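Taking our numbering, I'd label the letters of the sequence shown as residues 56 to 278. All C-beta atoms, glycine included, are put in the ideal place defined by N, C-alpha and C. None of these values were measured; they are calculated from a predicted model.
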Amino acid sequence: MDRMQQAVASSARHHCSGAMLFVDLDHFKEVNDICGHADGDRMLLEVAKRLAACVRAGDTIARLGGDEFVVLLEDLSENAMEAGTQAKLVAEKILSILAQPYLLSEGPRHGSASVGVALFGSDAEMSRDGPLSRADLAMYQAKAVGGNTLRFFDPQMQVVVAARATLEADLRLALDAKSFVLFYQTQVCGQRICGVEHWCAGATHSAVWCRRWSSLAWPKKRG
Numbered sequence: 056m057d058r059m060q061q062a063v064a065s066s067a068r069h070h071c072s073g074a075m076l077f078v079d080l081d082h083f084k085e086v087n088d089i090c091g092h093a094d095g096d097r098m099l100l101e102v103a104k105r106l107a108a109c110v111r112a113g114d115t116i117a118r119l120g121g122d123e124f125v126v127l128l129e130d131l132s133e134n135a136m137e138a139g140t141q142a143k144l145v146a147e148k149i150l151s152i153l154a155q156p157y158l159l160s161e162g163p164r165h166g167s168a169s170v171g172v173a174l175f176g177s178d179a180e181m182s183r184d185g186p187l188s189r190a191d192l193a194m195y196q197a198k199a200v201g202g203n204t205l206r207f208f209d210p211q212m213q214v215v216v217a218a219r220a221t222l223e224a225d226l227r228l229a230l231d232a233k234s235f236v237l238f239y240q241t242q243v244c245g246q247r248i249c250g251v252e253h254w255c256a257g258a259t260h261s262a263v264w265c266r267r268w269s270s271l272a273w274p275k276k277r278g
């Protein structure tokens, strides 16, 4: 974490860019479950060696824990577009080399990884864990599409995550305050009632919760 903070500060001071790459191995649990933890450890050591072969001498590689690694690239282009291209080339090299077979006790085994990329520079948010958390979000976007790929952090990701966190907090408050109302609506087939559907909506809990009404789906008229 200190190394990352120094890199962010250095980028701002020297008007250059840097990149944080969050690397998470895909389906690594299967290696431990099928091949055993000894082979899992052997694979992690090999991953670390391969990552080291993908970066320059001044870049930083660290294992966060489990099957998660971070790669800190420094002294990239001041131009954000060029810096993005430089980071993308490294990330693609990482994906390619980590997809090569691993020689384990059970025989060769293929692997893959998901990589999240977050750029930082003179205009970047200066919080200590900003680039890391953004790269983490981007990595989960890569996971969401099946893995074995890379994704750059998109500010819209943060907006979506923050909105979801706010909504979940509102829901917990509403549940504690019993601020939900159950509605029933008949289902009509032709001229007769053939069923009943029920749905739940949040009643006004607070000024914040009240604004949630605009996003709730009210029953549609039938017939």
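Practice item. Would you give the residue range spanned by the alpha helix (DSSP H) that F285 belongs to? Key: An answer regarding residue 285 cannot be provided, because it is not within the stretch 56 to 278 covered by the chain.
Review point. Which whole-angstrom value describes the C-beta separation of A168 and L80, a residue pair presumed to lie in contact below a C-beta threshold of 8 Å?
Key: Between L80 and A168 the Cβ distance is about 5 Å, and since that is below 8 Å, they are a contact.
Check your understanding: Just reading off the beta strand (DSSP E) that E129 is part of, what are its end residues?
Key -> Residues E123 to L131.
Exercise for review: Output the boundary residues of the beta strand (DSSP E) element that contains V110.
Suggested key: Premise fails: V110 is in no beta strand (DSSP E) and is neither H nor E.
Practice item. Whole angstroms is fine: what's the gap from V170's alpha carbon to L230's? Key: As the crow flies, the alpha-carbon of V170 is around 37 Å from that of L230.
Review point. Looking at the unbroken beta strand (DSSP E) that takes in D191, where does it start and where does it end?
Key: Where D191 is concerned, there is no enclosing beta strand (DSSP E), although the alpha helix (DSSP H) it sits in stretches over G185 to A199.
**Study point:** Coil, strand or helix - A232 by DSSP
**Key:** It is coil, neither helix nor strand.
Review point. In three-state terms, what does DSSP make of Q155?
Key: The three-state secondary structure of Q155, taken from DSSP, is coil.
Check your understanding: With a Cβ-Cβ cutoff of 8 Å, do L127 and G73 count as a contact?
Key -> Closer than 8 Å, so yes.
Check your understanding: For Q155, which of A173, E161 and R105 has the nearest alpha-carbon?
Key -> The candidate whose alpha carbon is nearest that of Q155 is R105.
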